[in-house]
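Student: From first to last, the protein sequence lines are chains A and B. For what it's worth, numbering that gives the first Met the number 0 labels the leading residue of the first sequence as 0, then goes sequentially. For what it's worth, numbering that gives the first Met the number 0 labels the leading residue of the second sequence as 0, then goes sequentially.
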Amino acid sequence: MILDGKAPTGQVDTSWDRYREDMKLVNPSNKRKYKIIVVGSGLAGGAGAASLGELGYNVDCFCYQDSPRRAHSIGAQGGINAAKNYPSDGDSIYRLFYDTVKGGDFRSREADVWRLAQVSNNIIDQCVAQGVPFARDYAGYLDNRSFGGAQVSRTFYARGQTGQQLLLGAYSALSRQIKNKTVTMYPRREMLDLVVVDGVAKGITVRNLLTGEVESHWGDAIILATGGYVNVFNLSTNAMGSSVTAIWKAVKKGAYMANPCYTQIHPTCIPVHGDAQSKLTLMSESLRNDGRIWVPKNAADCEKHASEIPEADRDYYLERKYPSFGNLAPRDISSRSAKEACDAGLGVGDGKRGVYLDFEDAIKRVGQPMIAERYGNLFDMYEKITDENGYERPMRIYPAPHYNMGGLWVDYECSSNIPGLFVLGEANFSVHGANRLGASALMQGLADGYFVIPYTIAPYLASIKNPGAVKEDHPEFKKSVEDVQAQTDKLLAINGKKTVSELHKELGNIMWENVGMARSKESLTNALKLIPELRDEFWNNVKVSGEGKELNQQLENAGRVADFLEFAEMLAEDALNREESCGGHFRTEHQTDEGEATRDDENFSYVAAWEFKGTGVKPELHKEPLKFERVHLAVRSYK
Amino acid sequence: MDLTLHVWRQKGPQDKGKLETYPAKNVSPDMSFLEMLDEINDGLIREGKDPIAFDHDCREGICGMCSQVINGRPHGKQEKTTVCQLHMRQYNDGDEIFIEPWRAKAFPIRKDLIVDRTSMDAIMQAGGYVSCHTGGVDDANALLIPKPTADYAMDAAECIGCGACIAACPNSSAMLFTGAKVAQLAALPQGKPEARKRVQEMTQAILDEGFGNCTNHYECEAACPKGISVKFIAKLNREYLKSLMPTST
Numbered sequence: 000m001i002l003d004g005k006a007p008t009g010q011v012d013t014s015w016d017r018y019r020e021d022m023k024l025v026n027p028s029n030k031r032k033y034k035i036i037v038v039g040s041g042l043a044g045g046a047g048a049a050s051l052g053e054l055g056y057n058v059d060c061f062c063y064q065d066s067p068r069r070a071h072s073i074g075a076q077g078g079i080n081a082a083k084n085y086p087s088d089g090d091s092i093y094r095l096f097y098d099t100v101k102g103g104d105f106r107s108r109e110a111d112v113w114r115l116a117q118v119s120n121n122i123i124d125q126c127v128a129q130g131v132p133f134a135r136d137y138a139g140y141l142d143n144r145s146f147g148g149a150q151v152s153r154t155f156y157a158r159g160q161t162g163q164q165l166l167l168g169a170y171s172a173l174s175r176q177i178k179n180k181t182v183t184m185y186p187r188r189e190m191l192d193l194v195v196v197d198g199v200a201k202g203i204t205v206r207n208l209l210t211g212e213v214e215s216h217w218g219d220a221i222i223l224a225t226g227g228y229v230n231v232f233n234l235s236t237n238a239m240g241s242s243v244t245a246i247w248k249a250v251k252k253g254a255y256m257a258n259p260c261y262t263q264i265h266p267t268c269i270p271v272h273g274d275a276q277s278k279l280t281l282m283s284e285s286l287r288n289d290g291r292i293w294v295p296k297n298a299a300d301c302e303k304h305a306s307e308i309p310e311a312d313r314d315y316y317l318e319r320k321y322p323s324f325g326n327l328a329p330r331d332i333s334s335r336s337a338k339e340a341c342d343a344g345l346g347v348g349d350g351k352r353g354v355y356l357d358f359e360d361a362i363k364r365v366g367q368p369m370i371a372e373r374y375g376n377l378f379d380m381y382e383k384i385t386d387e388n389g390y391e392r393p394m395r396i397y398p399a400p401h402y403n404m405g406g407l408w409v410d411y412e413c414s415s416n417i418p419g420l421f422v423l424g425e426a427n428f429s430v431h432g433a434n435r436l437g438a439s440a441l442m443q444g445l446a447d448g449y450f451v452i453p454y455t456i457a458p459y460l461a462s463i464k465n466p467g468a469v470k471e472d473h474p475e476f477k478k479s480v481e482d483v484q485a486q487t488d489k490l491l492a493i494n495g496k497k498t499v500s501e502l503h504k505e506l507g508n509i510m511w512e513n514v515g516m517a518r519s520k521e522s523l524t525n526a527l528k529l530i531p532e533l534r535d536e537f538w539n540n541v542k543v544s545g546e547g548k549e550l551n552q553q554l555e556n557a558g559r560v561a562d563f564l565e566f567a568e569m570l571a572e573d574a575l576n577r578e579e580s581c582g583g584h585f586r587t588e589h590q591t592d593e594g595e596a597t598r599d600d601e602n603f604s605y606v607a608a609w610e611f612k613g614t615g616v617k618p619e620l621h622k623e624p625l626k627f628e629r630v631h632l633a634v635r636s637y638k
Numbered sequence: 000m001d002l003t004l005h006v007w008r009q010k011g012p013q014d015k016g017k018l019e020t021y022p023a024k025n026v027s028p029d030m031s032f033l034e035m036l037d038e039i040n041d042g043l044i045r046e047g048k049d050p051i052a053f054d055h056d057c058r059e060g061i062c063g064m065c066s067q068v069i070n071g072r073p074h075g076k077q078e079k080t081t082v083c084q085l086h087m088r089q090y091n092d093g094d095e096i097f098i099e100p101w102r103a104k105a106f107p108i109r110k111d112l113i114v115d116r117t118s119m120d121a122i123m124q125a126g127g128y129v130s131c132h133t134g135g136v137d138d139a140n141a142l143l144i145p146k147p148t149a150d151y152a153m154d155a156a157e158c159i160g161c162g163a164c165i166a167a168c169p170n171s172s173a174m175l176f177t178g179a180k181v182a183q184l185a186a187l188p189q190g191k192p193e194a195r196k197r198v199q200e201m202t203q204a205i206l207d208e209g210f211g212n213c214t215n216h217y218e219c220e221a222a223c224p225k226g227i228s229v230k231f232i233a234k235l236n237r238e239y240l241k242s243l244m245p246t247s248t
């Protein structure tokens, strides 16, 4: 099937304005007749729930954490982009749009990206009004820094905790609506099924994580803002509870998964140490503003202390290969270059899987106190984890799974192919193409939540004749609860030999080795053989103790890993299908002699949207062709 | 290294609970404290026993989910560090480690080391916000905020809402947690119009939720993984006092 993204036709620059002029509205006194379910309370979900509640809709918001303030948006460090052009360095809505389309390797929908760039400015205004303490200069104006993939300074930041401050802003707006009783918060609930009635999304089934009760909740529209799935690699920078579960349950009810193979491996993470490691820690990409990345030129120097390696024997490989962007090359390129250096035997540290991030020159230039003011919390964090002082010797970094550009397929209105099911933030696929630029995830989450969904959900709601007609007493809700209960019983009955975390590690190894930074037909075919084998082992040999009707963290984890074991196969299928290299998806068969990615616009300029056909059955591919009218397709160069 | 753990085990809210002892063998100094507990739990599961339930999520010291009192100190012995960022190199071979949940009237225990902290959300819902609408606000640079003011607000805003301050306080006071938010918003021009109402409503919520008062022990600041200063409690008191004065209008 050929999918239609329903983007407004005509001039891209005016598409969002024209959409808003033409859209159907719900009048104020009718809004209170609708109930909207929002799953997730991060930047997209929290901002969306608060804004929809403020408009007058009844909103039920769900999160698995004990408080909406803990969603993993909180982990974002570096900043948020906006086209304010406060520094007068040549920025504009067009340039942010262009950088995002190019950064995504020309695999995103133009109109969606334009809208994002356009509302980016409203986001900064909104956050300041909420009291978000962005960095400022002595005159009191907002300060900006630069980020990878851009030649202007358009990133707003709050020390190294920008995600935290923006999330607390959204949380404060949400708290206000909870007090006003327009939003009802359901913390410690995990969505375990989507309820679809006559082809329309009408509710969710959740497990109360404190009591184990399985609950039904109805809504006239369902919004999923449940974040990312890179814990499919086991070790990642995501929170421990981040999972594919909510969107995977939607896929199993008919929603299409778009471009699942577009995963982002972030270049500046603390390298892996030991087998017991449970997660990887990212250090903000903003470090690349002042840090220089290098490896020794000679493998013999890799074991030496960095200070013993003379300048002439260091290879500042990003500066060498990409002189105009240097250490600020986009994430996919920086990560792959680090892998190449380590594959060539030039890595440093444990297992020689690391490269240096060196602040010596920056400290000489501006002094250690200035570096400490800019990145102090990151140096502290690095020292806590590695027991090394980053001011005195270069940090060691290595790429780690961080983000997914893929996600549920949505049209211009953030609506999935299931009527009534909307998807926001990292959970949808829409704006980042095949690679996301730094400081753009926060921008997308808040754009979707504050400034997109409050508009684009209205035409759908206006089309519903009898809001609230389907409630929890509908037989589909009862059936959904029984299905969830049956899966719980099945997991508890296996009583095998391996723990959930052991099996998750095994899945992570398969994915990292075969579907990681470099993929080939051979490695992907291998993954497609190994994943079903491991899934079979899981369902025959996992050990989950305790009961369903109690707080049971092993059971929660088992459900998440069970879903990863199904989803991983779709991810690998997508990577195998995409016979080109673009952004975060690198196929070793498709590269230039110099090792640069080669894209195939003639055959692959489309969104790959996969329809679930059953566990272990090859999913069906649907395509949404991508048209570029405002930008010219070009080879992405950062040289 | 080999360690001996004494861990609070409590099946549910009604259970009395008690300390259980577990050996932790071959612990690597590079492990985080939670990774050490992961290993213990995998061992318990293999033996068919109930693993230790504990809250955690981001494991990078920012979400505020982890909540353990280790050898009597919330988040353990390392200053300005959450449990997830505490590493085993802080301990020595043969150490005995006592692990307990946050203890406060307003934090009922749900299971083992997991407590219910919705009382903190209730304080925020009482007034921890600026009542601005989505959209319809001024340009971000229309309001000039001096750098020292922005920095002061940011110092307060760094709170991760973990509740260590409350667990550390002999009165289970939420004054540091509340003070940080009141101070952040009272310092900024955006927060001033509602400052009077906010401090009144948030302090009332402190009482309603069963938190105690501040008697200047300063245990909160010592336990805070983000080093939030007790000066924000003074600011809270000052703002409260100001809110009692008659207005000129």
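Cβ coordinates follow ideal geometry from the N, Cα and C atoms, glycine included.
(1) Leaving out five residues on either side along the sequence, give the residues of the same chain with a beta carbon under 7 Å from the beta carbon of B/GLY63.
(2) Inspect the beta-carbon positions of A/VAL560 and A/ILE493 and report whether they are closer than 9 Å.
(3) Cutting at 7 Å between CB atoms, please list the residues of its own chain near B/PRO12, excluding the five before and the five after it.
(4) Below 8 Å on the Cβ atoms is my guess for A/GLN553 versus B/ILE44; work out the distance and round it to an integer in Å.
(5) Comparing C-alpha positions only, which one of A/VAL543, A/CYS413, A/MET510 sits nearest to A/LEU527?
(6) Which ranges does the beta strand (DSSP E) cover as unbroken runs of at least 3 residues, wholly within the region 417-461 of chain A, from first to last along the chain?
(7) Which chain B residues are close to A/TYR449, counting only those with a beta carbon under 8 Å from its beta carbon?
(8) What number of angstroms, rounded off, separates the C-alpha of A/LEU51 from the C-alpha of B/VAL198?
(9) Can you tell me the Cβ-Cβ gap for A/SER40 and B/MET123, rounded? I've got them flagged as a contact below 8 Å.
(10) Quick one: which unbroken alpha helix (DSSP H) runs of 4-plus residues sit fully inside the region 460-530 of chain A? Chain order, please.
(11) What did DSSP end up calling A/ASN602 once you bin it into helix, strand or coil?
(12) From this set, A/GLU53, A/ARG106, A/MET22, which residue's C-alpha is nearest A/SER650's C-alpha?
(13) Grouping DSSP H, G and I as helix and E and B as strand, with all else coil, what is A/GLY4?
(14) Taking beta-carbon pairs under 8 Å, can you tell me which members of the region 575-605 of chain A lie near chain B?
(15) Taking a contact to mean a Cβ-Cβ separation below 9 Å, would you say A/ILE36 touches A/GLY218 in this structure?
(16) Residues of chain B with a CB under 8 Å from the CB of A/LYS320: which are they?
(17) State yes or no: is the C-beta of A/ASN326 within less than 9 Å of the C-beta of A/ARG364?
(18) Assign B/SER172 to one of three DSSP states: helix, strand, or coil.
(19) Since B/GLY162 meets chain A, which of its residues come closer than 9 Å, beta carbon to beta carbon?
(20) Within 10 Å of its beta-carbon, does A/TYR137 have 16 or more other beta-carbons around it, so buried, or fewer, so exposed?
(21) Starting from A/TYR411, trace the alpha helix (DSSP H) in both directions and tell me its first and last residue.
(22) Would A/ARG19 be called buried (16 or more neighbouring beta carbons within 10 Å of its own) or exposed?
(23) How many whole angstroms separate the CB atoms of B/TYR128 and A/SER171, which I take to be in contact at a CB cut-off of 8 Å?
(24) Within 9 Å (strictly less), CB to CB, does B/THR202 reach chain A?
(25) Within the same chain, show all residues whose beta-carbon is closer than 6 Å to that of A/VAL199, passing over the 5 residues directly before and after it, in chain order.
(26) In whole angstroms, what is the alpha-carbon distance linking A/CYS413 and A/GLU307?
(27) Could you check where the alpha helix (DSSP H) with B/ASN25 kicks off and where it finishes?
(28) Nearest to A/LYS338 by CA position, among A/GLU546, A/ALA517, A/ILE92, is which residue?
(29) Between A/TYR56 and the rest of its own chain, which residues show a CB-CB distance below 6 Å, the 5 nearest in sequence each way excluded?
(30) Can you pull the chain A residues whose beta carbon is under 8 Å from the beta carbon of B/HIS86, in chain order?
(31) Just checking: is the beta-carbon of A/TYR140 within a distance shorter than 9 Å of some beta-carbon in chain B?
(32) Can the beta-carbon of B/ILE165 be found closer than 9 Å to that of B/ALA221?
(33) Based on the DSSP output, what are the partners of A/GLU549 in its beta bridges?
(34) So is A/GLN117 in contact with chain B if we call contact Cβ pairs under 9 Å?
(35) Check distances from the C-beta atoms of the region 123-134 of chain A to those of chain B and list, in chain order, the residues that come in under 9 Å.
(36) Measure from the C-beta of B/ALA125 to each C-beta in chain A and report whether the shortest distance is under 9 Å.
Tutor: On the basis of the supplied data:
(1) Working through the second sequence from its first residue, we reach residue 63 of chain B at position 64. These residues qualify, in order along the chain: ILE159, GLY160, CYS161.
(2) Within the first sequence, the letter at position 561 stands for residue 560 of chain A. Within the first sequence, the letter at position 494 stands for residue 493 of chain A. In this structure, A/ILE493 does not lie closer than 9 Å to A/VAL560 by Cβ.
(3) Counting from one through the second sequence, the residue named residue 12 of chain B turns up at place 13. Around B/PRO12: PRO107, ILE108, ARG109.
(4) Taking the first sequence and counting its residues from 1, the one referred to as residue 553 of chain A is at position 554. Taking the second sequence and counting its residues from 1, the one referred to as residue 44 of chain B is at position 45. Indeed they touch by this definition, with Cβ atoms about 6 Å apart.
(5) Position 528 of the first sequence, counted from the start, is the residue given in the question as residue 527 of chain A. Selected option, being the one with the closest Cα: A/MET510.
(6) Annotation: the region 417-461 of chain A contains the following complete segments of the beta strand (DSSP E) (minimum length 3 residues), in chain order: 420-422.
(7) Position 450 of the first sequence, counted from the start, is the residue given in the question as residue 449 of chain A. The answer, in chain order, is THR133, GLY134.
(8) Numbered from its first residue, the first sequence carries residue 51 of chain A at position 52. Numbered from its first residue, the second sequence carries residue 198 of chain B at position 199. So the two alpha carbons sit approximately 27 Å from each other.
(9) Residue mapping note: residue 40 of chain A aligns to position 41 of the first sequence, counting from 1. Residue mapping note: residue 123 of chain B aligns to position 124 of the second sequence, counting from 1. The pair is not a contact, with the Cβ atoms about 13 Å apart (cut-off 8 Å).
(10) Listed in chain order, the alpha helix (DSSP H) runs fully inside the region 460-530 of chain A are 474-493, 499-513, counting runs of at least 4 residues.
(11) The count along the first sequence starts at 1 and reaches residue 602 of chain A at position 603. Helix at A/ASN602.
(12) Limits of chain A in this structure are 0 at one end and 638 at the other, which puts residue 650 of chain A out of reach.
(13) Residue 4 of chain A sits at position 5 when you count from the first residue of the first sequence. Three-state DSSP puts A/GLY4 in coil, outside helix and strand.
(14) Residues passing the 8 Å Cβ filter: none.
(15) In the first sequence, counting from the first residue as 1, residue 36 of chain A sits at position 37. In the first sequence, counting from the first residue as 1, residue 218 of chain A sits at position 219. With respect to A/GLY218, A/ILE36 sits close: the two C-beta atoms are nearer than 9 Å.
(16) Translated into the one-based positions of the first sequence, residue 320 of chain A becomes position 321. Result: empty, since nearest Cβ-Cβ is about 30 Å, beyond 8 Å.
(17) Residue 326 of chain A sits at position 327 when you count from the first residue of the first sequence. Residue 364 of chain A sits at position 365 when you count from the first residue of the first sequence. No, these two residues do not count as a Cβ contact at 9 Å.
(18) For the purposes of this step, residue 172 of chain B is taken as the residue at position 173 of the second sequence. The answer is strand: DSSP assigns B/SER172 an E or B state.
(19) In the second sequence, counting from the first residue as 1, residue 162 of chain B sits at position 163. Within chain A, no residue comes near B/GLY162; the closest Cβ sits about 10 Å away, beyond 9 Å.
(20) Counting from 1 along the first sequence, the entry for residue 137 of chain A is found at position 138. With fewer than 16 other Cβ atoms within 10 Å, it is exposed.
(21) Here residue 411 of chain A corresponds to residue number 412 of the first sequence, with the count starting at 1. Per DSSP, A/TYR411 is not a residue of any alpha helix (DSSP H), being assigned neither H nor E.
(22) Locating residue 19 of chain A in the first sequence gives position 20, counting from the first residue. Of the other Cβ atoms in all chains shown, fewer than 16 fall within 10 Å of the Cβ of A/ARG19; this residue is therefore exposed.
(23) In the second sequence, counting from the first residue as 1, residue 128 of chain B sits at position 129. In the first sequence, counting from the first residue as 1, residue 171 of chain A sits at position 172. About 4 Å separates the two Cβ atoms, so the contact holds.
(24) Position 203 of the second sequence, counted from the start, is the residue given in the question as residue 202 of chain B. Taking a beta-carbon distance threshold of 9 Å, B/THR202 does not count as an interface residue toward chain A.
(25) In the first sequence, counting from the first residue as 1, residue 199 of chain A sits at position 200. Cβ within range, chain order: PRO418, GLY419.
(26) Within the first sequence, the letter at position 414 stands for residue 413 of chain A. Within the first sequence, the letter at position 308 stands for residue 307 of chain A. Roughly 54 Å separates the two Cα atoms.
(27) Start at 1 with the first residue of the second sequence, and residue 25 of chain B comes out as number 26. Run containing B/ASN25: none; DSSP gives neither H nor E here.
(28) Taking the first residue of the first sequence as 1, we reach residue 338 of chain A at position 339. A/LYS338 has its Cα closest to that of A/ALA517, out of A/GLU546, A/ALA517, A/ILE92.
(29) Walking along the first sequence from the start, residue 56 of chain A turns up at place 57. LYS30, TYR33, ILE35, listed in sequence order.
(30) By 1-based counting over the second sequence, the position of residue 86 of chain B is 87. Under the 8 Å cutoff, chain A gives LYS383, ILE384, ASP386.
(31) Position 141 of the first sequence holds residue 140 of chain A. Yes - at least one Cβ of chain B is within 9 Å of the one on A/TYR140.
(32) What you label residue 165 of chain B is simply residue 166 of the second sequence in a count that begins at 1. What you label residue 221 of chain B is simply residue 222 of the second sequence in a count that begins at 1. Against a cut-off of 9 Å, the Cβ pair of B/ALA221 and B/ILE165 comes out as no contact.
(33) Residue mapping note: residue 549 of chain A aligns to position 550 of the first sequence, counting from 1. In DSSP, A/GLU549 forms no bridge with anything.
(34) Indexing the first sequence from 1 puts residue 117 of chain A at position 118. Closer than 9 Å: no.
(35) ILE123, ASP124, GLN125, CYS126, VAL127, ALA128, GLN129, GLY130, VAL131, PRO132, PHE133, ALA134
(36) As a working note, residue 125 of chain B is residue 126 in the second sequence. At least one chain A Cβ lies under 9 Å of B/ALA125.
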